[in-house]
Amino acid sequence: MVTFFIIWLGQLASLIGSEMTNFAVTIWAWETTEQATPLSLLLFFSQTPKIVAALFAGVIVDRFNRKQLLIIGDGVAGLSTIIILLLFLTNNLQIWHLYLTGAINGLFSQIQTLAFLPLISLMVPKKHYTRASVMNGVQQGIAYTVAPISAGFLYAYIGFSGVLTADLITFIIAIGTIIYVTIPQSYTSENKTQKIPSWEAFSKELMFGFNYLSQRPSLVALLCIFLIHIFILNTNTSILAPMVLARSGTQEEILGTVMMTFGIGNMLSAVFMTIWGSTKNRVNNLLLGRGLQLGSLMMLGLFLYPIVWIIFAFSGGFFALFPGSFYQSIWLSKVEASVQGKVFATRSLISQIVLTLALIIGGPMADYIFEPAMEKGTVFANLLGGLFGTGNGAGMALQCALLSAIGVLLCLLGYRLPLLQNLEENLPDCDYNSLKKRP
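Count along the sequence shown starting at 1, add 87, and that's the number in the numbering used here.
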């Protein structure tokens with residue numbers, strides 16, 4: 088557990104640095120173009136390569152040294168920062184450079200993530216799986232809280248180049264922690280003797296994750312319900328900020344307070360989950376946490392008052408970590424460490440596709456379906472206007488509440504679905520003790 092914590096600290100530093108650069112890049116891109124489209128494209132180009140990476144990353148992480156893969160991931164990100172810094176200092180930086188570096192970082196960060204996740208089952212006792220999974224959520228919570236504040240301060244006083252320099256320091260810390268510790272490797276006999284597979288073997292291993300899941304219906308059921316929730320959550324996330332701004336009369340301070348309160352709830356949840364770390368009733372705890380999170384989002388859509396938004400933003404942030412932590416804990420205990428790279432890559436591939444679709448669909452769905460439907464004088468405005476109001480933001484509120492309600496109903500259905508309720512009995516936990524005892 089100590090070794091895992093050391094790596095975790097290094098990756099936390101790296102993540103904070105990356106988020107600081109992302110924040111600074113966003114400001115620079117806005118100041119340079121004064122357009123929203125380039126900002127959306129930055130997200131698109133960083134997200135899409137993860138889908139491509141998921142196709143082959145699983146084969147790579149199960150065959151090659153995970154310490155080296157983690158170092159390469161941080162190294163590529165650091166090299167990208169150096170390139171951006173040099174282009175900026177020579178007055179040659181253009182927006183397409185950011186698209187390119189974002190795509191490269193997205194590709195290697197996916198490989199790094201898939202190399203990092205299986206370390207939990209190899210370095211952490213089974214009883215601490217949930218705590219370790221929560222710690223990964225804590226990383227994001229800390230980074231998303233600290234990075235914007237730090238980057239904003241540095242950007243104001245020492246400029247864009249200062250933020251990039253700070254980012255480079257965090258990468259040095261991250262790589263140093265990885266070099267310092269010993270990281271176990273879980274090869275199968277086939278992987279150990281054949282580092283670089285033939286095309287036939289490579290194609291076979293690309294399909295391994297799908298074949299593995301097809302033989303485990305309970306994991307498929309768990310994945311499906313999680314995918315639907317991912318779609319609902321990210322569709323709502325894509326419209327949350329404009330919804331709050333539209334319904335508050337474009338008061339940025341209200342949006343800032345809502346987001347800050349969400350972060351506070353998230354951090355308190357992380358502390359609670361780290362202390363609790365329960366491994367019992369994981370499926371039902373997952374469903375309960377997701378249902379309460381979606382219920383909070385539904386309340387955000389139903390009410391017009393900022394104080395209510397703040398209350399339910401806190402509860403939404405608090406319960407947001409529950410489902411992901413229990414979800415990851417289940418997968419870590421049910422999938423053998425030697426094939427987790429391939430299986431998790433398949434899971435990630437499907438999740439990334441759904442996430443990308445949600446981000447693409449959420450905005451147009453609001454602009455062209457729900458917002459027009461709730462304009463004054465329309466049928467839906469007459470029927471639902473008393474609950475959601477009419478005009479700007481009312482359609483997004485309806486969309487948020489409706490999709491969240493569907494997600495809550497799906498959680499309730501999960502309590503009656505035998506494949507989910509019998510998952511722990513149908514799939515025994517894997518034993519990693521023999522792997523941990525190997526030299």
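Yeah, the Cβ is synthetic: ideal placement off N, Cα and C, and Gly gets one too.
Taking just the CA atoms, how far does residue j sit from residue i?
i, j, result
"F91", "G263", "14 Å"
"N372", "N469", "39 Å"
"N323", "I448", "10 Å"
"L320", "V495", "11 Å"
"A432", "G296", "7 Å"
"G162", "Y244", "27 Å"
"P459", "V139", "36 Å"
"Q47", "L499", "There is simply no residue 47 to check, as the chain begins at 88 and stops at 526 in what is shown."
"F413", "I437", "19 Å"
"T177", "I256", "21 Å"
"I456", "H316", "21 Å"
"L504", "L446", "29 Å"
"A400", "V358", "18 Å"
"G352", "L327", "17 Å"
"L471", "P451", "21 Å"
"Y299", "I312", "18 Å"
"M354", "V345", "14 Å"
Alpha helix (DSSP H) containing residue i: first to last residue?
i, result
"D161", "153-176"
"T322", "304-334"
"Q508", "505-508"
"S425", "Element bounds for S425: n/a, residue is neither H nor E."
"F295", "295-301"
"F195", "182-203"
"L391", "Note, L391: premise wrong, no alpha helix (DSSP H); not H, not E."
"L209", "206-210"
Using DSSP with H/G/I as helix, E/B as strand and the rest coil, what is residue i?
i, result
"C498", "helix"
"V268", "coil"
"F92", "helix"
"A368", "Note on identity: in this sequence residue 368 is Asn, with Ala being the wrong assignment. Correct three-state label for N368: coil."
"Y414", "helix"
"D254", "helix"
"V233", "helix"
"G104", "helix"
"N179", "coil"
Identify, in the order they occur along the chain, each residue of the same chain with its Cβ nearer than 6 Å to the Cβ of residue i, setting aside the five sequence neighbours on each side.
i, result
"S133", "G189, G193"
"S356", "F405, L408"
"S491", "L381, L384, M385"
"G376", "F406, F409, P410"
"G249", "L241"
"L102", "Q226, A230"
"F318", "V441, A445"
"W115", "F247"
Excluding the 5 residues preceding and the 5 following residue i in the sequence, name in chain order all residues of the same chain whose CB lies nearer than 7 Å to its CB.
i, result
"I332", "Reading the sequence as shown, one finds Leu at residue 332 and not Ile. Excluding positions up to five away in sequence, the list reads L342."
"A453", "I326, G482, M483, Q486"
"T108", "T168, V250, L251, D254"
Ordered along the chain, which non-local residues of its own chain (more than five positions away) have a Cβ less than 8 Å from that of residue i?
i, result
"S305", "L506, L507, N509, L510, N513, L514"
"I265", "I94, G97, K154, L157, I158, D161"
Please decide whether residue i counts as near chain B, where near means a Cβ-Cβ distance under 9 Å.
i, result
"W95", "No chain B is present in this structure, which holds just one protein chain."
Which ranges does the alpha helix (DSSP H) cover as unbroken runs of at least 4 residues, wholly within the region 436-495, from first to last along the chain?
-> 466-475
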